[in-house]
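Trainee: Have a look at this one before I ask anything.
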Amino acid sequence: MQLHDVWFVLIAVLWIGYFFLEGFDFGIGVLTKLLARDTAERRVLINTIGPVWDGNEVWLLTAGGATFAAFPDWYATLFSGFYIPLLVILVCLIVRGVAFEYRAKRTEERWQRNWEHAIFWTSLLPAFLWGVAFANIVHGVAIDQDKNYVGGFWDLLNPYAVLGGLVTLALFTFHGAVFAALKTVGEIRTRARATALRLGLVTAVLALGFLGWTQVHQGTGRSLAAAAIAVAALAAALAANQLGREGWAFTFSGLTIVAAVAMLFLSLFPDVMPSTLNGGWSLTVENAASSPYTLKLMTVVAAVFTPLVLLYQAWTYWVFRKRIGVQHIPAVQTADH
Amino acid sequence: MELAVAHETIARWQFGVTTVYHFLFVPLTISLAATVAGLETAWVRTGKEKYFHATKFWGKLFLINIAMGVVTGIVQEFQFGMNWSDYSRFVGDVFGAPLAMEALIAFFFESTFIGLWIFGWDKLPKKIHCACIWMVAIGTMLSAYFILAANSWMQHPVGYSIDKATGKAQLTDITKVLFQDTTLVVVFHTLTAAFLTGAAFMVGIASIHLWKAKRAEEPDRKKVATMRTSLRVGLVMAVVAGLGTAISGDTLAKVMFEQQPMKMAAAEALWDTQSPAPFSIFAVGDVTKGHNSVELEVPAALSFLAKSDFSSPVPGINDTAAAEAAKYGGRPTDYIPNVFVTYWGFRLMIGFGMSSFVAGLIGLWTTRRKFLLAPEFRTGEDEPPRLMLTGNRELGPVLTKWSWRIGIWTMGFPLIANSFGWIFTEMGRQPWAVFGLMTTADAVSPNVGVTTQIGALTTFTLLYAVLAVIEVRLLAKYAAAGPVTSEQPPAEDPTLRGPFSDEDADKPLAFAY
């Protein structure tokens, strides 16, 4: 295994980490409208991810930075090519972060309601758009000989990509519902399980279609194995959810994400962005990678700091391990009391 | 406007708008994180209530501010790829490394520990809670360090070679990128400027409360005690950081005279090489004619600033431009940055920054501790300070009023200085994106249409404007309310294992969104 292959795996790991973690907090954002019935319940949901969403989001920044360092051409082609979807995602992430922090800073109902709308839409849109983006990466897009994307915005919204977007949206929302059942107490916990069942079935239908389409189009033996694991994990998550084993349900919904994203990266390899115009113009792990010196340096940095990050992020989840319910939500604290 | 020019111009405007905006929040985040950490440490060590209230109060303002800093930072991580793809392809091997390190080492640190700090008041023992905000403070500074190392490489590329086959820059020595003199001096200059920014912010807000308390019949004494401590902390910080900014700024200028003579010549609007060179105080230039029409200057001072003696020649814009043209091709005028922006950016940076330093110095003297004052003028810890000129002479009512007003009105001065500092150093590097290696015109994404770019620029500008209004109003509301002196720390120091007993099962969270 050469260094650029190692880095392909590491980039995949960063995206998997991002979708596993921010997957459920996007899901929680969507569920503030699907599951919560009143302000108190919305606050319960928001506070299940309160201490951790910011740390989860850094997985994205690290994936971006690591791609820049390890595969500059991948970074350049991807973000200049998928300009408009990325712009929408950035705007959403900006508003979403501010919404979490500012929502409870004033008592006016309109203020809080507006931020709640914002949390819903800015969680839903990126959850959909990341699927669109990844479906397009795997499928291949119009890349010219200078490694530039020359298609338009609407080309990115092809049926395969839209299906990919619906899969990530459904899967993340399902993952979020399972997380909500794991982290809450009281009536909302019961309803979270029921919602998780419905979402899980929708996800299963969509995911089977999408993974099947991908496998037929460009699958390998390994990607088939990953797809099989994803489907099995989804079934196991649904079963565990029905049995009320919330810890296991979350483990398996997480595994579904891990296996599904791994499947996408396995069907991509050794390309990183295939060209639909000419196979020779595709970006590959070789022609998009940085020099061996940089890859070696970054491997050392990643080897030292990634375990450290996992350690202290895991500790955060442990500190905030207690379930919360409406009775734990304090009155809104404002400037003067 | 020619299309290629429009392309570059819009991309530059977007970078300018998003980056200057982002940097309004960064210095306050850096300095307030460390200050709140210091205040919480003081509380943990002494148990004094005023430190607890100060921690909570400045902590709230810090959180309102960092939220904006974090979200506007996301754009920075991606817009190199979006608008500057040819730049990204050319420099990624070198420039990507510090960026990735920033995310992996600094961003995870600050974002994870900030969550623990915000929500952990009733979950973490206070010493661990306090350690969390120190982690955040360290994270913010590490983040500044890595991104400034990346920027310094654009100012002065080192530790790389150009690959013959691809024509791209390749990293050959990371230690040179991380530890070159440009990086070290810039980091020191930026961090001291950040602390000056936080200092002026604290002094301003503390001044509002103390000046109000001074005029009130029955001021809240706990609030006064908290604000009085905050004022002193802010004033000391303003003087120390202001001095540090000045010293590091002078060192940085000397480095820049070596590495980018054009930037410094433009900073002085020094068109012709002079020996000794004067320091310009005011000038009106005419770019097309290559000289100034009006000038006011201090003889030989520029020679001293550049080379530490009063006689050395300092190369002017015209000679430097001719030398660059001879080296890189093209016409000399291709290598002259916008002299008006560079010249005035440099002056406004120094002017606004040093005003805050002077204000801090005056404030520190007039509010000095009691052992330098006659007994009858001494004030208690929970009383607003008198402003004392000498040991037994208080400032008159008019001067007192104006002193407090200066404290309040200079609150945002360093923010203006920071913005102009960045505008100066980035505009002064033009036409280069990476000095000597790649021009800004060659750096833009060739495949992103002008319409898309205008859409993005408009989106960010409008969004940022709306968020600025929301943020400033929220900040003003919380700043004006002052510390909540009825608030008490948890009666018992929480332990990491609990509390999970039955009576605690339904206890509300200490903090919730």
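Chains as they are written, first to last, in my numbering: chain A, 1 to 337; chain B, 1001 to 1513. All residues carry an ideal CB built from backbone N, CA and C; glycine is no exception.
1) So, helix, strand or coil for R1378 of chain B, using DSSP?
2) Tell me which residues share the same chain as L197 of chain A and place their Cβ nearer than 8 angstroms to its Cβ, disregarding the 5 neighbours each side in the sequence.
3) Please state whether the Cβ-Cβ distance between F1146 of chain B and V309 of chain A is less than 8 angstroms.
4) Can you give me the C-alpha to C-alpha distance between T251 of chain A and V231 of chain A, rounded to a whole angstrom?
5) Can you give me the C-alpha to C-alpha distance between F82 of chain A and F128 of chain A, rounded to a whole angstrom?
6) From the DSSP secondary-structure annotation, give me the bridge partner or partners of W130 of chain A.
7) Enumerate in chain order the residues of its own chain whose CB-to-CB distance from S223 of chain A is below 7 angstroms, with the five nearest sequence positions on each side excluded.
8) P51 of chain A and G1139 of chain B: beta carbons closer than 8 angstroms?
9) Need the endpoints of the alpha helix (DSSP H) that V301 of chain A sits in, please.
10) Within a Cβ cutoff of 6 angstroms, which residues of the same chain sit near L234 of chain A, ignoring the five residues on either side of it in sequence?
11) I need the straight-line Cα distance from N1318 of chain B to Q1430 of chain B, nearest angstrom please.
12) If you draw a straight line from the C-alpha of M1001 of chain B to the C-alpha of R1012 of chain B, how long is it?
13) Looking at the unbroken alpha helix (DSSP H) that takes in Y18 of chain A, where does it start and where does it end?
14) So I1416 of chain B and F1352 of chain B are in contact, right, with Cβ under 8 angstroms, and what is the actual spacing, rounded?
15) Using 8 angstroms as the limit for Cβ to Cβ distance, is Y1328 of chain B near chain A?
16) Strictly under 8 angstroms for the Cβ-Cβ distance: is A69 of chain A near chain B by that measure?
17) Write down every uninterrupted run of the alpha helix (DSSP H) in the region 1320-1380 of chain B whose length is 4 residues or greater and which is fully enclosed by it, in chain order.
18) Taking the alpha-carbon positions, what's the V202 of chain A to A170 of chain A distance?
19) Mind the definition here: the region 1119-1127 of chain B touches the region 1480-1497 of chain B only if three or more C-beta pairs lie below 8 angstroms; say whether that holds.
20) Give the residues from the region 1200-1233 of chain B that approach chain A closer than 9 angstroms (Cβ to any Cβ), ordered along the chain.
21) Taking Cβ-Cβ distances below 7 angstroms as the criterion, which residues of the region 88-107 of chain A are in contact with chain B?
22) Would you say the region 28-39 of chain A touches the region 163-179 of chain A, given that touching needs at least three Cβ pairs under 8 angstroms?
23) Per the contact definition of three or more C-beta pairs closer than 8 angstroms, is the region 1073-1086 of chain B in contact with the region 67-82 of chain A?
24) For P1299 of chain B and F1310 of chain B, I'd like the C-alpha separation in whole angstroms.
25) Hey, how far is the Cα of K1127 of chain B from the Cα of M1237 of chain B?
26) Kindly list, in the order they appear in chain A, the residues whose Cβ is closer than 8 angstroms to that of V1075 of chain B.
27) How about G131 of chain A and T184 of chain A: are their beta carbons less than 8 angstroms apart?
28) What are the residues in the region 1349-1368 of chain B lying within 9 angstroms of chain A by C-beta distance?
29) Between which two residues does the alpha helix (DSSP H) holding H1189 of chain B run?
30) Going by beta carbon distance, what residues of the same chain come within less than 6 angstroms of A260 of chain A, once the five residues before and after it are set aside?
31) Terminal residues of the continuous beta strand (DSSP E) containing N1292 of chain B?
32) Using the C-alpha atoms, what's the distance from L1235 of chain B back to I1030 of chain B?
33) When you compare the CB of Y1513 of chain B with every CB in chain A, is at least one pair closer than 8 angstroms?
34) Does DSSP put Y1160 of chain B in a helix, in a strand, or in coil?
35) If you compare alpha carbons, which of B:S1230, B:T1245, B:M1202 is closest to A1193 of chain B?
36) Would F1179 of chain B be called buried (16 or more neighbouring beta carbons within 10 Å of its own) or exposed?
Mentor: By the coordinates alone:
1) Residue numbering aside, residue 1378 of chain B sits at position 378 when the second sequence is read from its first letter. Here R1378 of chain B sits in coil by DSSP.
2) On the first sequence, position 197 is the one that residue 197 of chain A refers to. Closer than 8 angstroms at the Cβ level, and outside the excluded window around L197 of chain A, lie L238, N241, Q242.
3) For this step, residue 1146 of chain B is matched to residue 146 along the second sequence. For this step, residue 309 of chain A is matched to residue 309 along the first sequence. Taking 8 angstroms as the Cβ cut-off, F1146 of chain B and V309 of chain A do not qualify as a contacting pair.
4) Here residue 251 of chain A corresponds to residue number 251 of the first sequence, with the count starting at 1. Here residue 231 of chain A corresponds to residue number 231 of the first sequence, with the count starting at 1. When rounded, the distance between both Cα atoms is 14 angstroms.
5) Taking the first residue of the first sequence as 1, we reach residue 82 of chain A at position 82. Taking the first residue of the first sequence as 1, we reach residue 128 of chain A at position 128. Rounded to the nearest angstrom, the two C-alpha atoms are 14 angstroms apart.
6) On the first sequence, position 130 is the one that residue 130 of chain A refers to. According to DSSP, W130 of chain A bridges with nothing at all.
7) Position 223 of the first sequence, counted from the first residue, corresponds to residue 223 of chain A. Same-chain partners within the cutoff: Q215, M263, L266, S267.
8) By one-based count along the first sequence, residue 51 of chain A stands at place 51. By one-based count along the second sequence, residue 1139 of chain B stands at place 139. For P51 of chain A and G1139 of chain B, no; Cβs fall outside 8 angstroms.
9) Reading the first sequence from its first residue, position 301 is the one you call residue 301 of chain A. Element bounds for V301 of chain A: 292-319.
10) In the first sequence, the residue the question calls residue 234 of chain A occupies position 234. Within the same chain, L234 of chain A has close Cβ partners A204, T256.
11) Here residue 1318 of chain B is taken as the residue at index 318 of the second sequence, counted from 1. Here residue 1430 of chain B is taken as the residue at index 430 of the second sequence, counted from 1. Cα-Cα distance, rounded: 15 angstroms.
12) On the second sequence, position 1 is the one that residue 1001 of chain B refers to. On the second sequence, position 12 is the one that residue 1012 of chain B refers to. Confidence at M1001 of chain B is low in this model, with a pLDDT of 48, below 50, so the placement of that residue is unreliable and no value is reported for it.
13) By one-based count along the first sequence, residue 18 of chain A stands at place 18. Element bounds for Y18 of chain A: 3-34.
14) By one-based count along the second sequence, residue 1416 of chain B stands at place 416. By one-based count along the second sequence, residue 1352 of chain B stands at place 352. Confirmed, Cβ separation roughly 5 angstroms.
15) Taking the second sequence and counting its residues from 1, one reaches residue 1328 of chain B at position 328. Closer than 8 angstroms: no.
16) Looking up residue 69 of chain A in the first sequence gives position 69. By this cut-off, A69 of chain A is an interface position.
17) 1339-1366
18) The residue you call residue 202 of chain A lines up with position 202 of the first sequence. The residue you call residue 170 of chain A lines up with position 170 of the first sequence. About 7 angstroms.
19) yes
20) none
21) L90, V91, L93, I94, G97, V98, F100, E101, Y102, R103, A104, K105
22) yes
23) yes
24) One-based indexing of the second sequence puts residue 1299 of chain B at position 299. One-based indexing of the second sequence puts residue 1310 of chain B at position 310. Those two C-alpha atoms are separated by around 9 angstroms.
25) Locating residue 1127 of chain B in the second sequence gives position 127, where the first residue counts as 1. Locating residue 1237 of chain B in the second sequence gives position 237, where the first residue counts as 1. Their backbone Cα atoms lie some 24 angstroms apart in a straight line.
26) Locating residue 1075 of chain B in the second sequence gives position 75, counting from the first residue. Under the 8 angstroms cutoff, chain A gives L90, I94.
27) Counting from one through the first sequence, the residue named residue 131 of chain A turns up at place 131. Counting from one through the first sequence, the residue named residue 184 of chain A turns up at place 184. Result no, Cβ atoms of G131 of chain A and T184 of chain A do not sit closer than 8 angstroms.
28) none
29) Within the second sequence, numbered from 1, the residue matching residue 1189 of chain B stands at position 189. From DSSP, the alpha helix (DSSP H) with H1189 of chain B extends over 1181-1215.
30) Position 260 of the first sequence, counted from the first residue, corresponds to residue 260 of chain A. Only A230 meet the Cβ criterion.
31) Counting from 1 along the second sequence, the entry for residue 1292 of chain B is found at position 292. Where N1292 of chain B is concerned, the enclosing beta strand (DSSP E) stretches over 1291-1298.
32) Against the second sequence, residue 1030 of chain B aligns to sequence position 30. Against the second sequence, residue 1235 of chain B aligns to sequence position 235. The straight-line gap from Cα to Cα measures roughly 17 angstroms.
33) For the purposes of this step, residue 1513 of chain B is taken as the residue at position 513 of the second sequence. So, interface residue.
34) Numbered from 1 along the second sequence, position 160 holds the residue referred to as residue 1160 of chain B. Here Y1160 of chain B sits in strand by DSSP.
35) Taking the second sequence and counting its residues from 1, one reaches residue 1193 of chain B at position 193. When only C-alpha atoms are compared, the closest one is B:T1245.
36) Here residue 1179 of chain B refers to the residue found at position 179 of the second sequence. With fewer than 16 Cβ atoms within 10 Å of its Cβ, F1179 of chain B is classed as exposed.
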